Amino acid sequence: MDGSISRITLSDGSVRYRARYRDLSDRQHERRFKGKVDA
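Residues in the sequence shown are numbered from -1 upward in steps of one, following the working numbering.
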């Protein structure tokens, strides 16, 4: 399962990290986290 982590700046100036990955059935999922280590 490959994935990626990208940095996102929200409209209020705060930063979040978006983790995107594909599961075994090749469906894409996305979650956002406050810290890069959490993502």
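A virtual CB, placed ideally from N, CA and C, is assigned to each residue, including glycine.
Just so we're clear, the structure is a prediction, and the values are computed from it rather than from any experiment.
To the nearest angstrom, report how far apart residue 19 and residue 1 are at their CA atoms.
-> Indexing the sequence shown from 1 puts residue 19 at position 21. Indexing the sequence shown from 1 puts residue 1 at position 3. The straight-line gap from Cα to Cα measures roughly 4 Å.
Could you round the C-beta distance between residue 14 and residue 6 to whole angstroms and report it? I think they count as a contact, below 8 Å.
-> Here residue 14 is taken as the residue at index 16 of the sequence shown, counted from 1. Here residue 6 is taken as the residue at index 8 of the sequence shown, counted from 1. For residue 14 against residue 6, the beta-carbon gap comes to about 5 Å, under 8 Å, which counts as contact.
Limits of the beta strand (DSSP E) - the one that residue 13 falls within = Working through the sequence shown from its first residue, we reach residue 13 at position 15. Where residue 13 is concerned, the enclosing beta strand (DSSP E) stretches over 13 to 20.
Would you kindly work out how many angstroms separate the C-alpha atoms of residue 16 and residue 26, rounded to a whole number?
-> Here residue 16 is taken as the residue at index 18 of the sequence shown, counted from 1. Here residue 26 is taken as the residue at index 28 of the sequence shown, counted from 1. Cα to Cα, residue 16 sits roughly 13 Å from residue 26.
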